[in-house]
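Note that the sequence shown covers residues 0 to 399 in numbering that gives the first Met the number 0.
This report refers to the structure that appears directly beneath it.
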Amino acid sequence: MSAVVEAMEELRIHRGRVLLSLVGVAVAVCALATVVGAGAVAEQGVREVSERSGGRAATAQFNVNASTPPDPAQLNAAWGEVLERYGIAYGSRIVYGQLTVQFADGAVPVATQAVDPAYGVIHRVRVSEGSWFAPGDAERLAPAIVINEPFWERIGRPALATNPTVELLAEGGVTAVVVGVTPKTGEWDTEPSAFMLADAYAAIPASGSGGMMGGQLPSFEAWLDQNQAEPLIEAIRRDFAGALGDGAQVDGFRSDYAAFGEDPLLFVKLLVAGVAVVILLLGALGLVNIALVTVRTRIREIGIRRTFGATAGRVFFAVLMESVVGTFVAGVVGVGVAILLVRSPLMTMVLGGAELEDLPGFPIEAAIVGLGSAVLVGALAGVLPALAAVRVRVIDAIRF
Numbered sequence: 000m001s002a003v004v005e006a007m008e009e010l011r012i013h014r015g016r017v018l019l020s021l022v023g024v025a026v027a028v029c030a031l032a033t034v035v036g037a038g039a040v041a042e043q044g045v046r047e048v049s050e051r052s053g054g055r056a057a058t059a060q061f062n063v064n065a066s067t068p069p070d071p072a073q074l075n076a077a078w079g080e081v082l083e084r085y086g087i088a089y090g091s092r093i094v095y096g097q098l099t100v101q102f103a104d105g106a107v108p109v110a111t112q113a114v115d116p117a118y119g120v121i122h123r124v125r126v127s128e129g130s131w132f133a134p135g136d137a138e139r140l141a142p143a144i145v146i147n148e149p150f151w152e153r154i155g156r157p158a159l160a161t162n163p164t165v166e167l168l169a170e171g172g173v174t175a176v177v178v179g180v181t182p183k184t185g186e187w188d189t190e191p192s193a194f195m196l197a198d199a200y201a202a203i204p205a206s207g208s209g210g211m212m213g214g215q216l217p218s219f220e221a222w223l224d225q226n227q228a229e230p231l232i233e234a235i236r237r238d239f240a241g242a243l244g245d246g247a248q249v250d251g252f253r254s255d256y257a258a259f260g261e262d263p264l265l266f267v268k269l270l271v272a273g274v275a276v277v278i279l280l281l282g283a284l285g286l287v288n289i290a291l292v293t294v295r296t297r298i299r300e301i302g303i304r305r306t307f308g309a310t311a312g313r314v315f316f317a318v319l320m321e322s323v324v325g326t327f328v329a330g331v332v333g334v335g336v337a338i339l340l341v342r343s344p345l346m347t348m349v350l351g352g353a354e355l356e357d358l359p360g361f362p363i364e365a366a367i368v369g370l371g372s373a374v375l376v377g378a379l380a381g382v383l384p385a386l387a388a389v390r391v392r393v394i395d396a397i398r399f
């Protein structure tokens with residue numbers, strides 16, 4: 000403790016020199032913590048993009064194969080029993096099909112996904128206007144529909160508060176109510192598409208098939224505990240097939256990004272680590288150069304200390320602690336500025352944070368890395384000046 004107090008006093012006395020030598024460290028630590036913090040935001044962005052296509056970790060998909068298609072009611076009941084038995088909160092049926100929609104310029108087939116409300120949670124479906132399907136939407140007399148932005152533009156971008164409707168060309172005619180709009184996913188996303196609840200889609204009459212599914216078997220998805228995914232998939236596959244009776248087979252596999260052996264975020268992590276190491280080395284080199292120069296200006300001071308009985312170890316430790324304490328203070332300042340930068344609206348906008356569903360806070364590991372790096376740089380940068388101070392001869396120092 001006395002060494003720390005002495006180091007703080009020396010820093011106060013030589014504050015001009017200290018300020019000059021530590022500006023570079025503060026900037027380096029700020030850059031390092033900012034890169035790590037920004038990397039966490041970018042990593043979350045990559046993760047969410049992956050989850051929108053393959054589902055959250057761990058998402059399992061199940062497909063039913065049977066020579067004779069099972070009764071839809073039996074199929075839905077068996078799936079519901081499996082979800083309840085294993086306490087799975089988020090499960091969805093998925094059917095890929097199309098609806099013929101009457102637009103002002105004619106009838107157009109629109110690619111449609113029939114899903115359950117939990118699909119929006121599993122796949123982080125973003126809604127720019129209105130909302131995703133709510134539990135009460137299943138009770139609507141007019142089926143609810145969530146459309147994409149090109150679809151919305153084609154019907155004139157009506158306010159969803161007015162409950163706009165679209166006409167579906169089916170037997171007897173069907174009117175659907177637009178409850179939400181999903182944003183464009185890219186420049187290529189120019190064609191209308193839609194989501195509809197699976198039960199509502201199945202109930203829409205179609206020529207010769209009784210319903211839009213027309214005997215098409217849905218696939219099934221469930222969001223499982225990542226630590227128990229493999230045994231749960233096997234158990235669900237077995238119980239699901241058993242509930243459907245003889246002749247039915249169920250295939251189960253993971254579809255989320257985390258199911259693959261290679262980490263899809265590895266490149267981002269390595270890039271962040273590489274930039275951080277370069278920044279840290281540059282800061283350390285600058286500090287070492289300044290520290291070596293400043294020690295030479297203190298040769299007389301060091302000689303006087305030695306004449307008053309200061310041992311070589313005492314001098315070494317005092318010079319070393321000055322560097323460590325100074326860089327720690329610079330690290331605190333640098334981390335504080337990095338927090339302000341990472342949490343600023345401009346930074347989150349540049350990194351795509353405005354589109355993130357779960358915007359991460361400033362990672363504690365970034366603060367730890369920043370402060371730890373500052374102390375480490377101070378210790379390493381202080382060793383050479385401390386050794387130089389120890390090697391000063393008393394008589395030469397007094398004559399200096």
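Ideal Cβ positions, reconstructed from N, Cα and C, are used throughout, including at glycine.
Return helix, strand or coil for residue i, following the three-state DSSP convention.
| i | result |
| --- | --- |
| Leu196 | strand |
| Glu186 | coil |
| Pro108 | strand |
| Leu167 | strand |
| Asn147 | strand |
| Thr161 | helix |
| Gly381 | helix |
| Thr67 | coil |
| Gly172 | coil |
| Val100 | strand |
| Gly244 | coil |
| Gly44 | helix |
| Ser322 | helix |
| Arg156 | coil |
| Ser343 | coil |
| Gly54 | coil |
Can you check DSSP and say which residues form a bridge with residue i?
| i | result |
| --- | --- |
| Phe61 | Phe219, Gly251 |
| Asp95 | Rather than Asp, the amino acid found at residue 95 in this sequence is Tyr. For Tyr95, which the question treats as bridged, DSSP gives the partners Gln112. |
| Gly179 | Gly129, Val145 |
| Gly90 | Ala221 |
Can residue i and residue j be called in contact, C-beta distance under 8 angstroms?
| i | j | result |
| --- | --- | --- |
| Val368 | Val35 | yes |
| Pro217 | Val94 | yes |
| Ala193 | Val109 | yes |
| Asp403 | Leu98 | No statement about residue 403 is possible, as the shown extent of the chain runs from 0 to 399 and does not include it. |
| Val173 | Ile203 | yes |
| Arg156 | Pro191 | no |
| Gly381 | Val323 | yes |
| Arg253 | Ala59 | yes |
| Ala106 | Leu168 | yes |
| Gln225 | Ala57 | yes |
| Ala41 | Ile278 | no |
| Leu243 | Tyr85 | no |
| Phe327 | Val374 | yes |
| Val178 | Gly129 | yes |
Kindly indicate the opening and closing residues of the beta strand (DSSP E) around residue i.
| i | result |
| --- | --- |
| Gln225 | It is not in any beta strand (DSSP E) - Gln225 carries neither H nor E in the DSSP assignment. |
| Ala257 | Per DSSP, Ala257 belongs to no beta strand (DSSP E) and is neither H nor E. |
Give me, in chain order, the residues of the same chain whose beta-carbon lies closer than 6 angstroms to that of residue i; leave out the 5 immediate sequence neighbours on both sides.
| i | result |
| --- | --- |
| Asn62 | Ser218, Asp250 |
| His122 | Arg51, Gly54 |
| Arg236 | Val249, Gly251 |
| Pro116 | Phe132 |
| Pro69 | Leu243 |
| Ala30 | Ile278 |
With 8 angstroms as the threshold, decide whether the Cβ of residue i is near any Cβ in chain D.
| i | result |
| --- | --- |
| Pro157 | Absent from the structure is chain D; it holds one protein chain and no more. |
Please go through the same chain and pick out, in chain order, the residues whose beta-carbon is closer than 8 angstroms to the beta-carbon of residue i, but skip the five residues on each side of it.
| i | result |
| --- | --- |
| Glu148 | Ser127, Val180, Thr181, Pro182, Lys183, Asp188 |
The alpha helix (DSSP H) with residue i in it runs from where to where?
| i | result |
| --- | --- |
| Ala117 | 117-121 |
Who are the near neighbours of residue i in its chain, counting only those whose CB is closer than 7 angstroms to its CB and skipping five residues on each side?
| i | result |
| --- | --- |
| Ala25 | Ala329, Val332, Gly333 |
| Ser66 | Gly246 |
| Thr33 | Ala337, Leu340, Val341 |
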